[in-house]
Amino acid sequence: MDNLYAQEIEELWKQCGQIDLSETLDDLKRDIVKFSNMIVPCREWLSDRNKLKNLKHSVDSYKIKHLAESDIGDWVPHSVFVLSAYLEGFELSKSKLRGDVYVVSTNIGAKKR
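First residue of the sequence shown? That's 1 in the UniProt record's numbering, and the numbers climb one at a time after it.
This is the structure:
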C-alpha cells in the first residue's frame, strides 16, 4: 500500500475513530490513497476558511464537505475532506454516527474576508 500520509491517517484514526464508512484503519487508508488527488483541492479550500475558537456541533464535517464540493466543482470523499482538515490544523472531535456515516465536529468557519 502507498505510504502517502500513512502516519497522519493513523494519528487521525487515533484522534477521531471511524470516519465516513471506514470500519477499520486499513479501510480508511485505502479510501484516502484511492482519492488522494482530492487532498490538494480540499486543503486549498480549507486554507481560505477561518478557524473558530470552538468546535461547531450544529454543522458537521459531512455538511461542510458539501460546501467544499460546490466551490471545488467536484465530488470530494468525506474521508479525504476530514484528513485535509486535520492536515490544515483544524480541530476535530471524536466521530459520531449520523445516519450511516461517521462524522466529526470541527472548528471550520466561514470564508476569510
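Just so it is clear, CB atoms sit at the ideal spot from N, CA and C, and this is done for glycine as well. Only a predicted model underlies this, so the values are computations on that prediction, with no experimental measurement involved.
Can you tell me where the alpha helix (DSSP H) holding residue i begins and where it ends?
i	result
R113	Here R113 belongs to no alpha helix (DSSP H), and DSSP marks it neither H nor E.
L46	I39 to S47
S84	H78 to L87
DSSP state of residue i, grouped into three classes?
i	result
Y5	coil
R36	In the sequence on display, residue 36 carries Ser and not Arg. Reduced to three states, the DSSP call for S36 is helix.
W13	helix
Give the range of the beta strand (DSSP E) segment to which residue i is assigned.
i	result
K96	K96 to R98
V101	V101 to V103
Quick one, which of the options has its alpha-carbon nearest residue i's?
i	options	result
E23	V103, H66 and I39	V103
K63	N37, V76, L4 and N54	V76
I108	L97, L92, K96 and V101	L92
S36	N3, A68 and R98	N3
G73	K34, C16, K53 and M38	M38
R113	F81, Q18, V59 and N50	N50
R98	L21, V82 and Q15	L21
S84	P41, D100 and N54	P41
May I ask you to list the residues that DSSP assigns as paired with residue i?
i	result
L92	T106
residue 120	No information on residue 120 is available, as it lies outside the stretch 1 to 113 that the chain covers here.
K53	Answer is none; K53 lacks a bridge partner.
Task: Segment contact flag, the stretch 40 to 57 with the stretch 7 to 15, C-beta cutoff 8 Å, min 3 pairs - done: no
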